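Engineer: Pasting a structure here, questions to come.
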Amino acid sequence: MAVAGRAGRTPLIAGNWKLNLDHLQAIAFVQKLAWSLKDARHDFDTVEVAVFPPFTDLRSVQTLVSADKLPIKYGAQDVSEHESGAYTGEVSAQFLAALNCSYVIIGHSERRALHGETDELIARKAKAAIKAGLVPVICVGETAEDLEQHGPSAIPVAQLGTIAEALKAGDDIVVAYEPVWAIGSGQAATAEQAQTVAAQLRTVLEEKLDADTAAATRILYGGSVKAANIAGFMRQKDIDGALVGGASLDVAEFSSIAQFPKHVGV
Ligand code: PEP
1 MAVAGRAGRT PLIAGNWKLN LDHLQAIAFV QKLAWSLKDA RHDFDTVEVA VFPPFTDLRS
61 VQTLVSADKL PIKYGAQDVS EHESGAYTGE VSAQFLAALN CSYVIIGHSE RRALHGETDE
121 LIARKAKAAI KAGLVPVICV GETAEDLEQH GPSAIPVAQL GTIAEALKAG DDIVVAYEPV
181 WAIGSGQAAT AEQAQTVAAQ LRTVLEEKLD ADTAAATRIL YGGSVKAANI AGFMRQKDID
241 GALVGGASLD VAEFSSIAQF PKHVGV
């Protein structure tokens, strides 16, 4: 049963591990997460759960998920725009698909800030992911300076507008609205601000793609999400889940975030 009020969009709780947990730690973590959710009788058809480990963990996570038939999904934190060739250090979407990844995070603010990723590159990566059968989790969001100068919506709306130019109606994507100032700061956006921006991002998808694609696309909020504040976000009609950083490294906390319907009655 889909959680009510979301036009059939199944909520997604996604854990971005960043540069944490090696492949052995990843196996232990995913096992514990699966046990915790099983104990809680989590219904994965109602709320999807996905983890995003470092590249070097993916084969181990795949082996565990497949051997134990775990209902947990997984993906990578980045992908190359290229399929193959002389691109030292890069990993293609085809390679990720071969490891049964469902998703890939694209354009995280840390990649934008530390690796100079532009909306144009992010768009090419999103296309490469879609071509390989992966669902890109496309991140957009404003810095503290952007917020001061332009308010919360202008920058994420412009970012998604540029990226969506390269996509087509019917493409299966997830959008993550992540205010940069909220990431890792302990200071989340208010649920109302997140809803306002999410609604505008949905309008961008409607204008650049079409109404059906906009209605079907899941929009996540990310930035200092915890078990204590997930309820407020999930009560918003345009927010379909969360991209969780720090709190995704704590099994009990992440499991509790995934079980948000028990707390919010949505
Ligand atoms: C993130 O890095 O995507 C993120 C949302 O981090 P945190 O939850 O730690 O703010």
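Under this note's numbering, the first residue of the sequence shown carries the number 1, and numbering increases by one thereafter. Built from N, CA and C at the ideal position, the CB exists for glycine as well. Please read these numbers as outputs of a predicted model, since none were measured by experiment.
1) Using the rule of at least 16 other Cβ atoms within 10 Å of the residue's Cβ for burial, across every protein chain shown, is Tyr177 buried or exposed?
2) Work out the CA separation of Thr88 and Glu120 for me, nearest whole Å.
3) Hey, would you say the C-beta of Lys18 is under 8 angstroms away from at least one heavy atom of ligand 1?
4) According to DSSP, simplified to helix, strand and coil, what is Lys131?
5) Taking all protein chains shown into account, decide if Ser66 is buried (16 or more other Cβ within 10 angstroms of its Cβ) or exposed.
6) Which residues in the same chain as Leu19 place their Cβ atom closer than 8 angstroms to its Cβ, once the five residues preceding and following it in sequence are excluded?
7) Counting C-beta neighbours from all protein chains within 10 Å, is the total for Gly75 16 or more, i.e. buried, or is it exposed?
8) Compare the C-alpha of Ala50 against each of Tyr103, Ser84, Pro179 and name the closest.
9) Under the criterion of a Cβ to heavy atom distance below 8 angstroms, does Gly245 qualify as lining ligand 1?
10) Answer yes or no: do Gly141 and Ala126 have a C-beta to C-beta separation smaller than 9 angstroms?
11) Indicate, with yes or no, if ligand 1 has a heavy atom lying under 8 angstroms from the CB of Ala176.
12) Roughly how many whole angstroms lie between the Cα atoms of Val3 and Pro156?
13) Does ligand 1 have a heavy atom nearer than 8 angstroms to the CB of Ala231?
14) Given a threshold of 16 other Cβ atoms within 10 Å of its Cβ, counted over all protein chains shown, does Lys208 qualify as buried or as exposed?
15) State the DSSP-derived secondary structure class of Ile138, mapped to helix, strand or coil.
16) Less than 9 angstroms separating the beta-carbons of Leu96 and Glu48?
17) Would you say the beta carbon of Val51 is closer than 8 angstroms to some non-hydrogen atom of ligand 1?
18) Confirm the yes/no value for this check: CB of Ala182, any heavy atom of ligand 1, distance under 8 angstroms.
19) Assuming the contact rule is C-beta atoms closer than 8 angstroms, Val175 and Ile219 should be a hit. Round their C-beta distance to whole Å, please.
20) What does a CB cutoff of less than 7 angstroms around Ser185 pick up in its chain, not counting 5 residues either side in sequence?
21) Helix, strand or coil: which one does DSSP assign to Lys69?
22) Distance check for Ile105 and Cys139, CA to CA, integer angstroms please.
23) What do you reckon, are the CB atoms on Asp22 and Asp57 nearer than 9 angstroms?
24) Bridge partners of Asn16, per DSSP?
25) What's the C-alpha gap between Ala252 and Ile130?
26) Quick check: is any heavy atom of ligand 1 less than 8 angstroms from the C-beta of Ser185?
27) What's the gap between the Cα of Leu64 and the Cα of Leu99?
Structural biologist: On the basis of the supplied data:
1) One-based indexing of the sequence shown puts residue 177 at position 177. Classification for Tyr177: buried.
2) In the sequence shown, counting from the first residue as 1, residue 120 sits at position 120. In the sequence shown, counting from the first residue as 1, residue 88 sits at position 88. Using only the alpha carbons, I get a separation of about 21 angstroms.
3) Within the sequence shown, residue 18 is the residue found at index 18, counting from 1. Because some heavy atom of ligand 1 lies under 8 angstroms away, the Cβ of Lys18 counts as near it: yes.
4) To locate residue 131, count along the sequence shown from 1; it is residue 131. Helix, per DSSP.
5) For the purposes of this step, residue 66 is taken as the residue at position 66 of the sequence shown. Ser66 is exposed by the Cβ-count criterion.
6) Within the sequence shown, the letter at position 19 stands for residue 19. Answer for Leu19: Pro54, listed in chain order.
7) Position 75 of the sequence shown, counted from the first residue, corresponds to residue 75. Counting Cβ neighbours within 10 Å, Gly75 comes out buried, since at least 16 surround it.
8) Residue mapping note: residue 50 aligns to position 50 of the sequence shown, counting from 1. The shortest C-alpha separation from Ala50 is found at Tyr103.
9) Locating residue 245 in the sequence shown gives position 245, where the first residue counts as 1. Yes, ligand 1 has a heavy atom inside 8 angstroms of this Cβ.
10) Reading the sequence shown from its first residue, position 141 is the one you call residue 141. Reading the sequence shown from its first residue, position 126 is the one you call residue 126. Cβ distance not < 9 angstroms, so Gly141 and Ala126 don't count as in contact.
11) As a first step, residue 176 is located in the sequence shown; it is residue number 176 there, counting from the start. Correct: Ala176 has its Cβ closer than 8 angstroms to ligand 1.
12) Working through the sequence shown from its first residue, we reach residue 3 at position 3. Working through the sequence shown from its first residue, we reach residue 156 at position 156. Because the pLDDT of Val3 is 48, which lies under 50, any placement of that residue in the model is unreliable, and the number read from its coordinates should be weighed accordingly. Cα to Cα, the separation comes out at about 26 angstroms.
13) By 1-based counting over the sequence shown, the position of residue 231 is 231. Answer for Ala231: no, Cβ out of range of ligand 1.
14) To locate residue 208, count along the sequence shown from 1; it is residue 208. Lys208 is buried by the Cβ-count criterion.
15) The sequence position of residue 138 within the sequence shown is 138, counting from 1. Strand.
16) Along the sequence shown, read from residue 1 onward, the residue named residue 96 stands at position 96. Along the sequence shown, read from residue 1 onward, the residue named residue 48 stands at position 48. It is not a contact, given that the beta carbons lie outside the stated cut-off.
17) Numbered from 1 along the sequence shown, position 51 holds the residue referred to as residue 51. Every heavy atom of ligand 1 is 8 angstroms or more from the Cβ of Val51, so no.
18) Working through the sequence shown from its first residue, we reach residue 182 at position 182. Within the cutoff, so yes.
19) The sequence position of residue 175 within the sequence shown is 175, counting from 1. The sequence position of residue 219 within the sequence shown is 219, counting from 1. Confirmed, Cβ separation roughly 5 angstroms.
20) Your numbering for residue 185 matches position 185 in the sequence shown. Cβ within range, chain order: Ser224.
21) The residue you call residue 69 lines up with position 69 of the sequence shown. Coil.
22) Stepping through the sequence shown from its first residue, residue 139 is reached at position 139. Stepping through the sequence shown from its first residue, residue 105 is reached at position 105. Between Cys139 and Ile105, the C-alpha separation is close to 7 angstroms.
23) Counted from its first residue, the sequence shown places residue 22 at position 22. Counted from its first residue, the sequence shown places residue 57 at position 57. It is a contact, given that the beta carbons lie within the stated cut-off.
24) By 1-based counting over the sequence shown, the position of residue 16 is 16. Asn16 is bridged to Phe52.
25) As a working note, residue 252 is residue 252 in the sequence shown. As a working note, residue 130 is residue 130 in the sequence shown. Distance between the alpha carbons of Ala252 and Ile130: 32 angstroms.
26) On the sequence shown, position 185 is the one that residue 185 refers to. Under cutoff, so the answer is yes.
27) For the purposes of this step, residue 64 is taken as the residue at position 64 of the sequence shown. For the purposes of this step, residue 99 is taken as the residue at position 99 of the sequence shown. Each residue's alpha carbon lies about 12 angstroms from the other.
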